Amino acid sequence: MTMMTASDDAAAKTARRMSVDFKTLGPALALLLLCVIGFLLNPAFVSEGNLTNLLTRSAFIGIIAVGATFVITAGGIDLSVGSMAAAISGVMIIVMNNTVETLGTGVPTVLLGCGLAILLGIGAGWINGALTTKGKIEAFIVTLGTMGIYRSLVTYFADGGTLSLNFDIRGTYRPVYYDSFLGLPFPVWVFIGVAICGWLLLNRTAFGRYCTAIGSNEAVARYSAINVDRVKTLTYIIQGLCVSFATIIYVPRLGSASASTGVLWELEAIAAVIIGGTVLKGGYGRIGGTILGALILTTIGNILNFTDMISNYLNGTMQGLIIIVAVLLQRSDWKFGKSGKS
Amino acid sequence: MPWKSAIGAMALTGLLALGGTATADDKIKIGVSYPTPTHAWAAGMNWHAEQAEKRLEELYPDVDLILVNSPDPGAQASALEDLVSVHQIDALVVLPFESEPLTDPVLNVKKSGAWITVVDRGLSQPGIEDLYVAGNNPELGRVSAQYMKGRLKEGDNIVILRGIPTVIDNERFDAFMAEIEGSGINVLDHKHANWNRDDGFEVMQDFLSRFPDIDAVWAQDDDIAVGVVAALKQAGRDGDGMFVVGGAGMKEIIKGIMDGDELIPVDVLYPPAMIATAMDATVNAFKSNGPVAGRYILGATLITRENAESYYFPDSPF
């Protein structure tokens, strides 16, 4: 480093900025391209109603993916989020239905449900984290296990069927999903809030740097006096918390939970994180990219519903292609000659 | 004791043929095998199977029904083996997980001399089962289309939300399209909503953004219909005679029809209770003097306000 001349340093900086810029721009370009395609297919794509739907819909995956960014940046993985969301929704609905008699069908019941969701999310995240760090089991296996557990728990709670929220509570709770503030639906505000907190936490705090350090090299991080176990457990707790936020805005949408709730959300969240530029094996994370990734995923589904040009049976093919192209766009460092991660 | 029951069971078929009197050990054992309920329809089936077990065993003290559910085709194949080797069943009622992998296991049960009743999903080889009980998928599509034709006029627009891409979905969809053809009703588009509320909601939201004029929705399934209704209400397009036709017979939907819901005025039956029909018929094969073997295809009844009550099971999970 000390040998480097000023001009070399400047050149390196420029090169890095260019590649970093491209990394930032990759997902944004992909999203823009998708929107143009959507508009060309059907101008109604950019109608206010559709854009609001799109943003609201991406809130679930987006919020969960913000949490997943921390877990993945720190070198972990969480496969249990979809099942966790389903199980938390189920418990929320059961508890709210059962407190109607004592608390009524008003705001207190809904607040109780939301508070419970947050506690459950933190608890579930802690279990994943503790089993990974203290139990010394690979995150993939731990969360594969908890994925199965939570999924079958919701099936059990629902007796194989569907849990439905009491009709009157639904009336109280419904605005949380359907109402707007300043033209944006509440779920979008929650999404924005979670995204900003996530960005600050990852980029402006010691905790965020610890996550990156652990993901880069856990052993070195440990020797650098970072409390690796604590930080890793915290990433899973953040993930659990994000899942509870997503659940809190999911339940009022249809007021029900069943074994088919949140199926494959974990893969969508991981896909959103990777499309956004975070490295799957850890050490580098981008919240902004994650949000774009979530928007891209939702937009693909939305566009496919807006056209009958592509056979329904090929929906999966289109989604797969676009995901790969989006990642290809932001990984194509080699075009600039300079290689290597920052 | 194990020896005694084993011998007793082995002698059972012979005794039945001779019309011998039944003693405690000579029970007619009927195995009932179906997939573990992981979605609402299957949970309803499980519930109806349990109800039928209780009812039939009370009615005929010498009948023993053994209910087994399995989480995957492999487990179901093993369950069938156990029903033969451990329980030595005289008859099997089976809703196969998948046709191909379960054809041989069912054939093996058949070879043990047991009566075979297949429910809903046929085996890939004909002639194994003595009795076939199933709902009628093409009929479900046809009945739905007939109702649409009765309520809509030429030039009206409908959208279709389909299920998971499978043979069942294709049969329903093709029959619907064949019936609607020539009526002048426009099918604007059809998308898969995977028999799922969330997908129903999102696909319908997109249809609503895309098509300013929709007169009716064929949701094909009650879970999809629940999502469709939420999307219609959100967009404020649930008035003006708009209606949604689902299918299956979910209790909440049936309740709505009984109460005169205008948005979902009818439902087309594809009942999970068909397992009970199959169990009844199988017991009859041993008890009735009438012949039972053959095919028993249930009608896809149109449930309206008038007949809804007889299809309403408030205690069932579906």
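Line order of the protein sequences matches chains A and B.
All residue numbers for the first sequence refer to the working numbering, where the first residue is 1 and numbers rise by one.
All residue numbers for the second sequence refer to the working numbering, where the first residue is 1001 and numbers rise by one.
The beta-carbon is built from N, C-alpha and C at its ideal position, and this holds for glycine as well.
No experiment lies behind these values; they were computed from the predicted model shown.
Measure from the C-beta of residue i to each C-beta in chain B and report whether the shortest distance is under 8 Å.
i: A/Ala259; result: yes
i: A/Ile322; result: no
i: A/Ser80; result: no
i: A/Asp159; result: yes
i: A/Tyr150; result: no
i: A/Ala15; result: For A/Ala15, the pLDDT reaches just 49, beneath the cut-off of 50, and the residue's location in the model is therefore unreliable, although a value from the coordinates is still provided. So, not an interface residue.
i: A/Ser58; result: no
i: A/Gly49; result: yes
i: A/Asn97; result: no
i: A/Leu328; result: no
i: A/Asn302; result: yes
i: A/Thr162; result: yes
i: A/Thr146; result: no
i: A/Asn53; result: yes
i: A/Thr155; result: yes
So the candidates are the options; which of them puts its Cα closest to the Cα of residue i?
i: A/Leu329; options: A/Leu304, A/Thr298, A/Gly289, A/Leu314; result: A/Gly289
i: B/Lys1110; options: B/Asp1120, B/Val1203, B/Pro1126, B/Gly1260; result: B/Pro1126
i: A/Ala259; options: A/Asn166, A/Leu29, A/Ile300, A/Gly148; result: A/Gly148
i: B/Ala1231; options: B/Ile1185, B/Phe1207, B/Val1084, B/Gly1294; result: B/Phe1207
i: B/Ile1028; options: B/Phe1286, B/Phe1318, B/Val1292; result: B/Phe1286
i: B/Asn1284; options: B/Pro1071, B/Glu1057, B/Tyr1034; result: B/Glu1057
i: B/Pro1037; options: B/Asn1046, B/Ile1030, B/Ile1180; result: B/Asn1046
i: B/Val1226; options: B/Ala1235, B/Gly1241, B/Ile1264; result: B/Ile1264
i: B/Met1242; options: B/Val1167, B/Lys1233, B/Asn1069; result: B/Lys1233
i: A/Leu267; options: A/Phe140, A/Val95, A/Met309, A/Thr52; result: A/Phe140
i: A/Ala294; options: A/Ser47, A/Val36, A/Thr69, A/Leu241; result: A/Thr69
i: B/Asn1069; options: B/Leu1140, B/Gly1031, B/Tyr1296, B/Lys1153; result: B/Gly1031
Taking only beta-carbon positions, decide if residue i is within less than 8 Å of chain A.
i: B/Pro1314; result: no
i: B/Asn1196; result: yes
i: B/Phe1201; result: yes
i: B/Gln1051; result: no
i: B/Ala1042; result: yes
i: B/Phe1318; result: yes
i: B/Thr1038; result: yes
i: B/Asp1222; result: no
i: B/Gly1227; result: yes
i: B/Leu1302; result: no
i: B/Gln1125; result: no
i: B/Asn1046; result: yes
i: B/Asp1206; result: yes
i: B/Ala1230; result: yes
i: B/Arg1210; result: yes
i: B/Gln1234; result: yes
i: B/Asp1169; result: no
i: B/Pro1165; result: yes
Would you say residue i and residue j are within 8 Å of each other, going by their C-beta atoms?
i: B/Asp1215; j: B/Ile1158; result: yes
i: A/Thr143; j: A/Leu79; result: yes
i: A/Arg57; j: A/Thr298; result: yes
i: A/Val231; j: A/Ala74; result: yes
i: B/Glu1171; j: B/Pro1138; result: yes
i: B/Phe1173; j: B/Ala1145; result: no
i: B/Gly1260; j: B/Ile1253; result: no
i: B/Ile1224; j: B/Trp1195; result: yes
i: A/Phe191; j: A/Ala28; result: no
i: B/Val1119; j: B/Met1250; result: no
i: A/Val194; j: A/Phe186; result: no
i: B/Leu1080; j: B/Ser1124; result: no
With DSSP as the reference, please indicate the residues paired to residue i in a beta bridge.
i: B/Trp1218; result: B/Ile1160, B/Val1245
i: A/Leu131; result: DSSP lists no partner for A/Leu131.
i: B/Val1268; result: B/Leu1302
i: A/Pro185; result: A/Ser180
i: B/Trp1115; result: B/Ala1091
i: B/Leu1029; result: Looking at the sequence itself, residue 1029 of chain B is Lys, so the reference to Leu does not match. Beta-bridge pairing links B/Lys1029 to B/Asp1064.
i: A/Ala257; result: A/Leu163
i: B/Ser1070; result: B/Pro1035
i: B/Arg1295; result: B/Tyr1132
i: B/Val1187; result: B/Ile1158
i: B/His1192; result: B/Arg1162
Checklist entry - At a Cβ cut of 9 Å, what residues of the segment 228-257 of chain A count as close to chain B, listed as they run along the chain? => result Tyr250, Arg253, Leu254, Gly255, Ser256
Next on the checklist: What are the residues in the segment 173-201 of chain A lying within 8 Å of chain B by C-beta distance?
Outcome noted: Tyr178
Next on the checklist: Beta carbons nearer than 7 Å to chain B: which residues of the segment 306-317 of chain A have them?
Outcome noted: Phe306, Asp308, Asn312, Tyr313
Checklist entry - Using Cβ-Cβ distances below 9 Å, what residues of the segment 1073-1091 of chain B are close to chain A? => result Taking 9 Å as the Cβ-Cβ cut-off against chain A, none of the residues of the segment 1073-1091 of chain B qualify.
Checklist entry - Going along the segment 33-45 of chain A in order, which residues come within less than 9 Å of chain B, judged by CB to CB distance? => result Asn42, Ala44, Phe45
Next on the checklist: Residues of the segment 1178-1192 of chain B in Cβ contact with chain A at a cutoff of 8 Å, in chain order, please.
Outcome noted: The segment 1178-1192 of chain B vs chain A, Cβ under 8 Å: Asp1189, His1190, Lys1191, His1192.
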